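If you want this note's numbering, it's the 1-based position in the sequence shown plus 2. Note that CB positions come from ideal geometry on N, CA and C, so glycine has one too. Remember, predicted model here, so these are calculated numbers, not experimental data. Below is one structure; the comments refer to it alone.
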Amino acid sequence: MNFGAIIYLKPIIALLFFVNLTDSFKILGVFTHIGKSHFDVFEPYLEQLAARGHQLTVISHFPQKHPIPNYKDIDLRGTTIVKETINILSYTVIPQMGHISAALILSQWGTEACEKTLEHPSVQELIKSDEKFDLLVSEMFNTDCFLAFAHKFKIPIIGFSSCVFMPWTPGRVGNPDNPAYIPIQFVFSSDKMTFSERFLNTFWYIFHHLHYPFLMDAPAHRLARQHFGESLPPLSQLARNTSLIFVNNHFSLNRPRPLVPGVVEVAGIHIKPAKALPKDIEDYINGAEHGVIYFNMGSMIRSDTLPDDKREAFVQAFSELPQRVLWKWESDAMPGQPNNVKIAKWLPQFDILNHPNVRVFLAHGGLLGTIEAVHVGVPMIGIPMYGDQGTNMKMVESAGMAVILQYNDITKKNILKAIRTILDNPSYKENAERTSRAFRDRPMSPMDTAIYWTEYVIRHRGAPHMRTAGADLPLYQYLLLDVIAAVLTTMLIVIYIIYFLIRKLLSVIRGRVQAASEEKKQQ
Numbered sequence: 003m004n005f006g007a008i009i010y011l012k013p014i015i016a017l018l019f020f021v022n023l024t025d026s027f028k029i030l031g032v033f034t035h036i037g038k039s040h041f042d043v044f045e046p047y048l049e050q051l052a053a054r055g056h057q058l059t060v061i062s063h064f065p066q067k068h069p070i071p072n073y074k075d076i077d078l079r080g081t082t083i084v085k086e087t088i089n090i091l092s093y094t095v096i097p098q099m100g101h102i103s104a105a106l107i108l109s110q111w112g113t114e115a116c117e118k119t120l121e122h123p124s125v126q127e128l129i130k131s132d133e134k135f136d137l138l139v140s141e142m143f144n145t146d147c148f149l150a151f152a153h154k155f156k157i158p159i160i161g162f163s164s165c166v167f168m169p170w171t172p173g174r175v176g177n178p179d180n181p182a183y184i185p186i187q188f189v190f191s192s193d194k195m196t197f198s199e200r201f202l203n204t205f206w207y208i209f210h211h212l213h214y215p216f217l218m219d220a221p222a223h224r225l226a227r228q229h230f231g232e233s234l235p236p237l238s239q240l241a242r243n244t245s246l247i248f249v250n251n252h253f254s255l256n257r258p259r260p261l262v263p264g265v266v267e268v269a270g271i272h273i274k275p276a277k278a279l280p281k282d283i284e285d286y287i288n289g290a291e292h293g294v295i296y297f298n299m300g301s302m303i304r305s306d307t308l309p310d311d312k313r314e315a316f317v318q319a320f321s322e323l324p325q326r327v328l329w330k331w332e333s334d335a336m337p338g339q340p341n342n343v344k345i346a347k348w349l350p351q352f353d354i355l356n357h358p359n360v361r362v363f364l365a366h367g368g369l370l371g372t373i374e375a376v377h378v379g380v381p382m383i384g385i386p387m388y389g390d391q392g393t394n395m396k397m398v399e400s401a402g403m404a405v406i407l408q409y410n411d412i413t414k415k416n417i418l419k420a421i422r423t424i425l426d427n428p429s430y431k432e433n434a435e436r437t438s439r440a441f442r443d444r445p446m447s448p449m450d451t452a453i454y455w456t457e458y459v460i461r462h463r464g465a466p467h468m469r470t471a472g473a474d475l476p477l478y479q480y481l482l483l484d485v486i487a488a489v490l491t492t493m494l495i496v497i498y499i500i501y502f503l504i505r506k507l508l509s510v511i512r513g514r515v516q517a518a519s520e521e522k523k524q525q
């Protein structure tokens, strides 16, 4: 017997044994938003599902760079929405974008994503195919168009939110949502709001609940019916069949809120172990006697589109600091670049934040960067521009680990004030480390949590036992308006009866008094 051959076969035998213990499911993933930061949340999750042996078909703008055998890409690159969106996001447009215009653009993106995706030849093939799937996983952001796949393939739905809940999302799984202390992501507030903040939060909460059915749901339903057939149920009905929603949130960061079993927090799911830095960056950081300020405004807005006056304010402020600055800058050169500033078109953000010599993270407040700063324990200066960034920054500000600098307030003086506030006050670093400990202290990693609940939903055929009855209640019942009406009606009836009886009693008494009086007169 060749014992050497058996030794070499051991790993293969062990792998086969593991595969036999793991059920392999067919999963359809639909992630059509063109924001790379959104897909950065989903990609590690999808790759881990594939590593677990599941068969994946993924519709997105971001195909795998290195093909995975059981991961099939339907590549949406080249659709017109990509170019249009990238052209919108510059500093010449974003600061002028109001709340309503941002909501309208979000609606437009959702409708275009639905239209262009469903017209895609490979997606058309999928719609017309007899494929079998066990689960649909889809981003729940600005369109429910793709929930039609769940109806076609008769499969349960898991929603995935790359940010905190959109205002129209919690209700589909019956999750409570109270604008008195839960800020919607378009309002720059923390969970502790003043009267005016609660007023505005409630106003925009109602606005989005009214605008979603007409500007997002109705166009998506019309387009979905064109491709899936006129028998397709309303998308709002399909949305209420959602089994579970993963939300990129954690109570240590976004503050506590009630969660039903069908909502699972997985903030930090995109985080992987830090890698060694490129030598030039490592040497630059190591050589900074007074530490480094890391400046990155994200992937959706080009820093080199900063207006001249804003750029000059940063340049002048940085030139007066003893710290070195690492600045993500998309052009080859920067006008007036100071000697203590190093620019690069791309920087390994999480790896940089993990370096102990990084003192401050200056950013736009995007959720992924904010989560990474919280995970590592690095104080922040936030310049929120749009979307959930203001809310994200309000949360870390309330945790005592951040300072907010509004875009319109960018001046050399204010930049230096914000930086020196962080550097000169040790409490910001202490609070960042405290928040980091709370964020990381969990019974399971975010990835293990997401994989477990994904397989749980499939194993239990949609897990209907996790569904709260509140998800199916009409609004008047959910708000107890019928009960309140019944109580008020009963009270009015009781008051009327009491009123009637008192009048009757007074009438009887009055009659007896009058009779007695007349009797005395006759005597």
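I think Ser-39 touches Gly-368, with their Cβ atoms under 8 Å apart; what is that distance to the nearest whole Å? Contact between Ser-39 and Gly-368 holds, with the beta-carbon distance rounding to 6 Å and staying under 8 Å.
For the putative contact between Met-395 and Ile-406, defined by C-beta atoms under 8 Å, what is the C-beta separation to the nearest angstrom? 5 Å between Cβ atoms; contact.
In whole angstroms, what separates the C-alpha of Asp-75 from that of Val-249? Those two C-alpha atoms are separated by around 24 Å.
Could you tell me the alpha carbon to alpha carbon distance between Met-142 and Ile-295, rounded to whole angstroms? Straight-line Cα distance between these residues: approximately 35 Å.
Can you give me the C-alpha to C-alpha distance between Trp-144 and Phe-41, rounded to a whole angstrom? Position check: residue 144 holds Asn in this sequence, whereas Trp was assumed. In this model, Asn-144 and Phe-41 are separated by some 14 Å (Cα to Cα).
Residue of Gln-391, Leu-78, Met-382, Asp-311 minimising C-alpha distance to Phe-190: For the options Gln-391, Leu-78, Met-382, Asp-311, the alpha carbon positioned closest to that of Phe-190 is the one of Gln-391.
Nonlocal neighbours in the same chain, by C-beta distance under 7 Å from Thr-204, ignoring five residues either side: For Thr-204, where only same-chain residues beyond five positions count, the Cβ hits under 7 Å are Pro-181.
How is Asp-132 classed by DSSP in three states: helix, strand or coil? Reduced to three states, the DSSP call for Asp-132 is coil.
Count the other CB atoms within 10 Å of the CB of Arg-461; is the residue buried (16 or more) or exposed (fewer)? Under this definition Arg-461 is an exposed residue.
So the beta strand (DSSP E) Glu-267 belongs to, where does it begin and stop? Per DSSP, Glu-267 belongs to the beta strand (DSSP E) from 265 to 267.
Taking the alpha carbon of Ser-26 as the point to measure from, which residue in Phe-135, Thr-119, Val-485 has its own alpha carbon closest? Comparing Cα positions, the closest option is Phe-135.
Throw me the rounded Cβ distance for the Pro-46 and Ile-271 pair, which I believe falls under 8 Å. The Cβ separation is near 6 Å, so the contact holds.
Buried or exposed: where does Ile-15 fall if 16 or more other Cβ atoms within 10 Å of its Cβ makes it buried? Legend: pLDDT at Ile-15 = 44, less than 50; position of this residue unreliable, no value from coordinates given.
Suppose only complete runs of 3+ residues qualify. What are the beta strand (DSSP E) ranges in the region 366 to 426, listed by chain order? The region 366 to 426 contains these whole beta strand (DSSP E) runs: 382 to 384, 404 to 406.
Element boundaries [beta strand (DSSP E), containing Lys-277]: If you look at Lys-277, you'll find it isn't in any beta strand (DSSP E); DSSP assigns it neither H nor E.
Between the C-alpha atoms of Ala-269 and Leu-240, what's the straight-line distance to the nearest angstrom? Spanning the two alpha carbons is a distance of roughly 26 Å.
Tell me where the beta strand (DSSP E) around Gln-57 begins and ends. Residues 57 to 62.
Which listed residue (Val-376, Pro-280, Lys-156, Lys-344) has its alpha carbon closest to that of Ser-254: When only C-alpha atoms are compared, the closest one is Val-376.
Identify whether Trp-329 lies in helix, strand or coil by the three-state DSSP scheme. The answer is strand: DSSP assigns Trp-329 an E or B state.
Check whether the region 145 to 163 touches the region 230 to 240, taking contact to mean three or more Cβ pairs, one atom from each stretch, closer than 8 Å. Because the criterion of three Cβ pairs below 8 Å is met, the region 145 to 163 and the region 230 to 240 touch.
Mind checking Ile-504: buried by the 16 CB within 10 Å criterion, or exposed? So Ile-504 ends up on the exposed side.
Excluding the 5 residues flanking Asn-256 on each side, which residues of the same chain have their C-beta closer than 7 Å to its C-beta? Same-chain partners within the cutoff: Val-166, Met-397.
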